[in-house]
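For the sequence shown, the working numbering gives the first residue as 113, with consecutive numbering after it.
Only one structure is covered here, and it is reproduced in the block below.
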Amino acid sequence: MLTREENELLCRVEGDAPMGQIFRRHWLPALLSEEVPEPDCDPVRVKLLGENLVAFRDTDGRIGLIQEACPHRGASLFFGRNEESGIRCLYHGWKFDAEGQCVDMASEPAESSFCDKVKIKSYPVVETGGFIWTYMGPAETMPEFSPPVWQPSPETNVVTTKVIVDANWAQMLEGSIDSAHSSSLHSSDMVPARVPGAQSTVTQWQRPSTDKSPRMVVQRTSYGFRYSAIRRPIKDAATHDYVRTTLFVAPYIVHIPPNNLHRSCTVHVPRDDGSTTFYFVAFGSDTVPAQEDWRKLHSNRVGIDLDETYRNTRTAANNYRQDRKAMKLGNFTGMPGITNQDISMWESMGPIVDRTHDRLGASDLAIVEFRKQMVEAAHTVAAGGPAIGTSEPRVPLSALQSFEGIVPKSSDWRTLGATETEIEIAARQAKAGGSQAAAE
Ligand code: FES
Ligand SMILES: [Fe+2]
């Protein structure tokens, strides 16, 4: 449970809200490259941290991410003409380049220098691995862009779903770090099997355990926390554990356990207080599924399951087209697609779930730690301190790794899958005064 004030601190990201300020100290995925595929293509609306923006790729291929409202009299630049290295407002013809500089004012006298004096809000962008990233904080705290968790090398194969969800980022992130729910909500898609470790097939994920109530352990780290769900394996249960380790990379990424084909991250980027852009990323080598297969697995194909603005056609209004007949025949949810199942639960909680009277159990340990850590982080920023995940020494995001496997019971879950860089930095921090507080 949280107090009403703590819940507000955890969830609110618009305006000066401390949590929004934390997000503004990190590079954020703003949109996918596929949304602006070529020079002078259609502009797209982007909403981030309560701000309405427009993204466009200009004639020279440069990406602009600028305020949506034209500074003249407020018409939307989304409807503008994207041509000849800028976007032109339809209303009176003012034109802006990718940096937000006004470059032409059709409505003003030719000799006027007014145009030079008008510059609108624009955010810096970096395009890599199919994502367009932005930084929305003060220039003096802007960190150098570094590759995300899902791009340890430029050669890494990366595919992703994208869907806009009408729910606050924090309740979605809590779903992503909630290892226990997969044994229920996703039980028709993630099935127990006598396999050596988590396996992915075209239609389902298999795992070597029938244990529905994992033992949870969590340890705070410099980037967030690492936690493991420890289950009884189908084979060798007397001597071995089935360990699935998830990383919370504050403030918005969850690195979930891998399977035989790929590693995965879920990404929760707040659009505003009540809605979030959700990306489900799979990455790795040649065995990563093709983009369309990955989206099909999650029932998140653009033009089939989603409209062209990445909004789900299954919504609260049509009860996510839940198929009760399929449920009678054995499907657990009557809803296809792992992500769809999650979305129906996240949205059903209301745009911002009331945490003042929820009832958490032993399997909610990671959720308790997430709330504690992020409410503390919001207090720190509100008091003028650094944003979580921005202080040195830091583990490079691309050096983080989740884990899954059947291991001897004597194994130390804290180091399973951790790279040498992470172990070395954790040891240094522990020596320096224990920022590595265990929350087990
Ligand atoms: S409102 Fe955009 S040019 Fe007038
Ligand atoms: Fe889920």
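No residue lacks a Cβ here, since even glycine has one placed at the ideal position from N, Cα and C.
The structure displayed is predicted, hence computed values, not measured ones.
Test item: CB-CB of residue i and residue j under 8 Å
i    : j    : result
V493 : I537 : no
L512 : S258 : no
G386 : D278 : yes
M486 : L143 : no
D209 : S197 : yes
F444 : S288 : no
G309 : T272 : no
E180 : L202 : no
P255 : T502 : yes
T357 : P520 : no
T378 : H410 : no
M447 : S456 : yes
S188 : M328 : no
P151 : R124 : no
R407 : R526 : no
F482 : V355 : no
T427 : D417 : no
T468 : R200 : no
N412 : G442 : no
T171 : E195 : yes
P130 : V381 : no
V330 : L528 : no
E286 : I479 : yes
Presumed contact (8 Å Cβ cut-off) between residue i and residue j, rounded CB distance
i    : j    : result
L177 : R136 : Their Cβ separation, rounded to whole angstroms, is 14 Å, which puts L177 and R136 out of contact at 8 Å.
A341 : P363 : 22 Å between Cβ atoms; not a contact.
R423 : I276 : 5 Å
V230 : I175 : With 8 Å as the limit, V230 and I175 do not qualify as a contact, their Cβ atoms being about 21 Å apart.
F360 : M284 : Not a contact, Cβ separation roughly 13 Å.
K159 : R383 : 4 Å
S334 : P505 : 7 Å
T268 : G396 : 7 Å
S219 : G205 : 6 Å
K347 : R319 : That belief does not hold up - the Cβ atoms of K347 and R319 are roughly 12 Å apart, past 8 Å.
R157 : F191 : With 8 Å as the limit, R157 and F191 do not qualify as a contact, their Cβ atoms being about 10 Å apart.
P155 : I232 : No, P155 and I232 are not in contact; Cβ-Cβ is about 14 Å, not under 8 Å.
S296 : M302 : Not really, about 10 Å apart at Cβ, beyond 8 Å.
H298 : Q434 : At roughly 15 Å, the Cβ-Cβ gap does not stay under 8 Å, so H298 and Q434 are not in contact.
G249 : S234 : G249 to S234, Cβ: 14 Å. No contact.
Of the listed residues the options, nearest to residue i (C-alpha basis)
i    : options                   : result
S321 : F190, M457 and G517       : G517
L114 : V156, K159, A282 and W317 : A282
V261 : H204, K440, R375 and M302 : R375
S265 : T246, T240 and E256       : T240
I368 : A292, P308 and A305       : A292
N61  : D405, H410, I346 and W317 : Absent from the structure is residue 61, since the part of the chain shown begins at 113 and ends at 552.
I134 : D524, A499, R436 and E120 : A499
T246 : S145, Q311, A349 and S294 : S145
G473 : P250, A394 and D290       : D290
G132 : Q541, R540, A489 and D524 : A489
N119 : N280, D228, R185 and P183 : N280
A394 : Y432, V270, Q331 and P345 : V270
I365 : P463, R343, G336 and H491 : G336
T313 : R344, P401 and D353       : P401
S75  : I464, D353 and Y432       : Since the first residue of the chain shown is 113 and the last is 552, residue 75 is not available in this structure.
G497 : E223, G127, R185 and T253 : T253
D323 : P304, Q311 and R332       : P304
M128 : R540, K484 and A495       : With the sequence shown as reference, residue 128 is identified as Asp, and Met is not the correct amino acid for it. When each option's Cα is compared against that of D128, the closest is A495.
Y432 : W458, G186 and R193       : W458
G462 : R185, E420 and T388       : T388
W139 : V414, T399, A251 and A438 : A251
Chain D within 8 Å of residue i, Cβ atoms only
i    : result
L140 : This model lacks chain D altogether, as it is built from one protein chain only.
What residues sit near ligand 1, counting only those whose C-beta is closer than 5 Å to one of its heavy atoms, in chain order? C182, H184, R185, A187, C201, Y203, H204 and W206
Taking the runs of the beta strand (DSSP E) that are 3 residues or longer, which of them lie wholly in the stretch 313 to 375?
Within the stretch 313 to 375, the complete beta strand (DSSP E) runs of at least 3 residues are 317 to 319, 327 to 332, 336 to 343, 352 to 361 and 365 to 368.
**Asked** Which residue spans inside the stretch 425 to 460 form an unbroken alpha helix (DSSP H) run of at least 4?
**Response** 436 to 440 and 450 to 460
At what residue ranges does the stretch 206 to 289 contain a whole run of the alpha helix (DSSP H), taking only runs of 4 or more?
-> 281 to 288
**Asked** Where are the beta strand (DSSP E) runs, 3 residues long or more, that stay fully inside the stretch 121 to 189, in chain order?
**Response** 140 to 144, 156 to 160, 163 to 169 and 175 to 179
Item to complete: Any chance you could list the alpha helix (DSSP H) runs of at least 4 consecutive residues sitting entirely within the stretch 473 to 533, in chain order?
Response: For the stretch 473 to 533, the full-length alpha helix (DSSP H) segments reaching 4 residues or more read 477 to 494 along the chain.
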